[in-house]
Amino acid sequence: MNIHGIRAIYRFEMARTFRTLMQSIAAPVLSTSLYFIVFGAAIGSRMGDIDGTSYGAFIIPGLIMLSLLGESVSNASFGIYMPKWAGTIYELLSAPVSWIEVVIGYVGAAATKSVILGLLILVTARFFVDYEIAHPFWMFGFLVLTAITFSLFGFIIGLWADDFQKLQVVPLMVVTPLTFLGGAFYSISMLPPFWQKVTLFNPVVYLISGFRWSFTGRADVHIAVSTGMTLGFLVICLGIVWWIFRSGWKLRT
Amino acid sequence: MTSIPSDPAAPTTRADAIVSVRGVGKTYKGGFEALKSINLDIRRGEILALLGPNGAGKTTLISIICGIVNATEGSVVADGHDIVRDYRAARSTIGLVPQELHTDAFESVLSTLRFSRGLFGKPPNPAHLEKILRELSLWDKRNNKIMTLSGGMKRRVMIAKALSHEPKVLFLDEPSAGVDVELRHDMWQMVRRLRESGTTIILTTHYIEEAEEMADRIGVINKGELILVEDKHTLMRKLGKKQLTLTLQQPMQAIPPGLVGLPLELSGDGLTLVYTFDTQSDETGIAGLLRRLGEHGIDFKDLQSSESSLEEIFVSLVRKPREERA
């Protein structure tokens, strides 16, 4: 294992985060705070409880997921796309690092940023709404697992993209709508029966449901299903990255 | 016609080869054959210059050896390690300075070197990085962002990055492209120092002067084929032409019939006669020529000899059809 190589990639990526602190951390925290002000403190105070939880507290897991998914995808896709765009990828391709070491470096850094962001949003939420965390260990576990899985997904997008537009298309056109429709602001039990079934095809439902369970102890789908689906997505993403590095698709001519 | 026995046909790996390329070919998706079954042994500790016109396949060959491009066929062994099966060990021995100035614009010089060294699996060594930066006159710029440096400085940063992990083999792809004369000479000095310290250097260049100045051996690639690999001095001796230029007292209308058949050329104004002879031949024929000129009453006021440069040899090689070279 090339530990020095992993550390070099990880440090390089984390240094990029700290260089762009406003964009990487401050901006998502601010925008999520606005959600808390509008939906939690203002509108939320006029809405009834959902499954015994105040609306402000109910949307916390969904809002954290909203930022976590978007930022994980963006961070990781940008991290690997930039060397491709700038041409510095030659160094990575000629270095004695395996695909899994590259993944640990890039995806590890992107996931770290996302977890820091998620925790900051959680702390920020305390200023606007009261909430409790029923299962703190599971909450952190879901946070980390989701950050890793969607950073991997973002890494694939970064490998696939050959222009900046493609880099933005998936987070904006796919991930954000799926998160909004995945129960960030509502429980899927509030939907008509037909749409409840349709929405189960949305993978983000399982992430939000599991994460919300760690806060409130109640979930739209069983915690085991949520965990299984997230792990399944992680394995699929790992398989795709392995294939890309093995075949050289979009990397080596 | 000169026959050129060259390494490309060598069937077995030389004992002193640090990089051994065997039957490497590259055909791109569209069917373009960038490399045609290349065989090449790069000797430990030498400076090998790869010459070739644009699109000849020099960069493709280097990229395959370094692991950036997948070969369609053939194998490469670097310091005893197959570059595919044993890529970790093979790549650890190789440093690459690509042709284009690919840099992390927002990084500082020192941090980009630390990154490169770590990426190649080496533990931190501030003293080594300082030595490299001082040798390349970059120490004062170590905390500057790369984007603030000039093109020449960026080229040095790329060399420093390639040297940061102490490679045994260094590939320099067009190292002098876009750098001024002073920096080019500095770079030549640095390359010589590296060779003296035991590093094997392979450079591609458009500057024939660079190859002539620095290389121990010359390889010529044209249209994906390695035309020859030869010791520089041997190459110049074998393929070099010498010319004797005679400045005549009186202009001549044409070469006299008695001298027809000799390798003579008369200038347009009839005042200069050029005699070309083979450097390998024991008998240059100069004495006989001078005697026959005297017999024909042709007087000259000056004579001088010149030897063809590597550039002329290179141009003649890439222009010759394949069958003529063989």
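The listed protein sequences derive, respectively, from chains A and B.
Counting from 1 along the first sequence, just add 11 to a position and that's the residue number in the working numbering.
Counting from 1 along the second sequence, just add 1272 to a position and that's the residue number in the working numbering.
Heads up, the beta-carbon is just placed ideally off N, CA and C, and yes, glycines get one too.
Keep in mind that this is a model prediction, so the values were computed, not measured.
- [ ] Output the boundary residues of the alpha helix (DSSP H) element that contains B:Thr1471.
- [x] Where B:Thr1471 is concerned, there is no enclosing alpha helix (DSSP H), given that its DSSP letter is neither H nor E.
TODO: Leaving out five residues on either side along the sequence, give the residues of the same chain with a beta carbon under 6 angstroms from the beta carbon of A:Ala120.
DONE: Sequence-distant partners of A:Ala120 (beyond 5 residues in either direction) whose C-beta falls short of 6 angstroms from its own C-beta, in its chain, are Tyr21, Glu24 and Met25.
Open item on the list: Does chain B have any CB closer than 9 angstroms to the CB of A:Gly98?
Closed with: yes
TODO: Show which residues of chain A have a CB atom less than 8 angstroms away from the CB atom of B:Thr1375.
DONE: Ala97 and Thr99
Task: Alpha carbon of A:Val186 to alpha carbon of A:Met33, nearest angstrom - done: One Cα belongs to A:Val186, the other to A:Met33, and the distance between them is close to 22 angstroms.
TODO: Let me know the secondary structure DSSP gives B:Gly1491 once reduced to three states.
DONE: strand
Open item on the list: Suppose you measure from the CA of A:Lys261 to the CA of A:Leu170; what does that come to, to the nearest Å?
Closed with: 7 angstroms
- [ ] Check whether the Cβ of B:Arg1414 lies closer than 9 angstroms to any Cβ atom in chain A.
- [x] no
Open item on the list: For the ligand FMN, I want to know if A:Ala52 counts as a neighbour, meaning its beta carbon is within less than 8 angstroms of at least one of the ligand's heavy atoms.
Closed with: This structure simply doesn't include the ligand FMN, nor any ligand for that matter.
- [ ] Determine the chain A residues that contact B:Ser1233 at a beta-carbon separation under 8 angstroms, and present them in chain order.
- [x] The structure shown does not extend to residue 1233 of chain B, since chain B spans only 1273 to 1598, so no value can be given for it.
- [ ] Using only alpha-carbon positions, find the residue among B:Ser1436, B:Ser1309 and B:Leu1561 that is nearest to B:Phe1392.
- [x] B:Ser1436
- [ ] State the start and end residues of the unbroken beta strand (DSSP E) segment that holds B:Val1291.
- [x] Ala1289 to Thr1299
TODO: Could you check how far apart the C-beta atoms of A:Ala106 and A:Gly228 are, in whole angstroms? I think they sit under 8 angstroms.
DONE: Not a contact, Cβ separation roughly 47 angstroms.
Task: Alpha-carbon to alpha-carbon, A:Phe47 and A:Lys208 - done: 29 angstroms
Task: Straight-line Cα distance separating B:Pro1523 from B:Glu1572 - done: Sequence check: residue 1572 of chain B is Phe here, not Glu. Going from the Cα of B:Phe1572 to the Cα of B:Pro1523 covers about 10 angstroms.
- [ ] Could you name the residues of the same chain whose beta carbon sits closer than 7 angstroms to that of A:Ala235, not counting the 5 residues immediately before and after it, in chain order?
- [x] none
Task: Contact residues within the region 204-218 of chain A, judged by C-beta distance below 8 angstroms to chain B - done: Here the close residues number zero.
Open item on the list: Going by the DSSP bridge assignment, what does B:Glu1502 pair with across the sheet?
Closed with: B:Ile1490
Task: Reduced DSSP secondary structure (H/G/I, E/B, other) of B:Val1341 - done: coil
TODO: Pair every Cβ in the region 1295-1309 of chain B with every Cβ in the region 1458-1469 of chain B, then say whether three or more of these pairs are closer than 8 angstroms.
DONE: No: the two stretches stay apart, fewer than three of their Cβ pairs being nearer than 8 angstroms.
- [ ] Using DSSP bridges, identify the partner residues of B:Ala1321.
- [x] B:Leu1475 and B:Ile1490
Open item on the list: Can you give me the C-alpha to C-alpha distance between B:Leu1575 and B:Leu1562, rounded to a whole angstrom?
Closed with: 11 angstroms
TODO: Specify whether the region 153-171 of chain A and the region 98-105 of chain A touch according to this definition: at least 3 beta carbon pairs, one from each stretch, less than 8 angstroms apart.
DONE: no
TODO: Leaving out five residues on either side along the sequence, give the residues of the same chain with a beta carbon under 6 angstroms from the beta carbon of B:Ser1599.
DONE: Residue 1599 of chain B falls outside the range modelled here, since chain B spans only 1273 to 1598, and no answer is possible.
Open item on the list: Can you give me the C-alpha to C-alpha distance between B:Ile1431 and B:Met1486, rounded to a whole angstrom?
Closed with: 17 angstroms
Open item on the list: Let's see if you can read the secondary structure: which residues bound the beta strand (DSSP E) around B:Ala1306?
Closed with: Here the beta strand (DSSP E) through B:Ala1306 covers Glu1305 to Arg1315.
Open item on the list: Quick check on B:Ala1395 - is its C-beta less than 9 angstroms from some C-beta in chain A?
Closed with: Sequence check: residue 1395 of chain B is Pro here, not Ala. Output row for B:Pro1395: interface = yes.
- [ ] In angstroms with no decimal places, state the Cα-to-Cα distance between A:Asp231 and B:Leu1382.
- [x] 52 angstroms
- [ ] Assuming B:Phe1443 and A:Ala19 form a contact by the criterion Cβ under 8 angstroms, report the distance between their Cβ atoms to the nearest whole angstrom.
- [x] Not confirmed; about 21 angstroms, so no contact.
TODO: Could you check the C-alpha separation between B:Ser1347 and B:Ile1340 for me, to the nearest Å?
DONE: 14 angstroms
- [ ] Please state whether DSSP places A:Leu202 in a helix, a strand or coil.
- [x] coil
TODO: Give a yes or no on contact between the region 1520-1539 of chain B and the region 1476-1492 of chain B, applying the rule of three or more CB pairs nearer than 8 angstroms.
DONE: no
TODO: Compute the distance between the beta-carbons of B:Ile1490 and B:Leu1500, then report whether it is under 9 angstroms.
DONE: In this structure, B:Ile1490 sits near B:Leu1500, with a CB-CB distance shorter than 9 angstroms.
Open item on the list: Looking at B:Phe1549: is its Cβ nearer than 9 angstroms to the Cβ of B:Lys1514?
Closed with: yes
Open item on the list: Would A:Leu130 and A:Thr241 qualify as a contact pair, given that the criterion is a beta-carbon distance under 9 angstroms?
Closed with: no
Task: Distance between beta carbons of A:Met76 and A:Ala195, contact taken as under 8 angstroms - done: 6 angstroms
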